[in-house]
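Report on the following structure.
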Amino acid sequence: MARPQQYDRSIVTDSAMHLFWHKGYYTTPVSEIIKITGLQAVSLYSAFGSKEGLLLAMLNHYTDQLASRT
9 MARPQQYDRS
19 IVTDSAMHLF
29 WHKGYYTTPV
39 SEIIKITGLQ
49 AVSLYSAFGS
59 KEGLLLAMLN
69 HYTDQLASRT
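Each residue of the sequence shown is one higher than the last, beginning at 9 in our numbering.
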């Protein structure tokens, strides 16, 4: 049985969004993502699959925020 998530996915994607905007996607190392989100590497990869997966989740989170404002 998988353990329940110990983090808020929207907070993680929001943190990643601000980090990617500030530093850029390609110049942001995974180690910095781990540091700012507080996730362990295994949790990050388990939740999003890869750095690109996190980027896609972040973009979905961003578009959901925009849609909810209209």
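For glycine and all other residues, C-beta sits at the position ideal for the given N, C-alpha and C.
Taken through DSSP and simplified to helix, strand or coil, residue 70 comes out as helix.
Residue 52 carries a helical assignment under DSSP once its states are collapsed to helix, strand and coil.
Residue 45 is a Cβ neighbour of residue 23, given a cutoff of 8 Å. Between residue 42 and residue 62 a beta carbon distance of about 11 Å is seen, past the 8 Å cut, so the two are scored as non-contacting. If you compare the alpha carbons of 73, 38, 71, 31 with that of residue 56, the shortest gap goes to 38.
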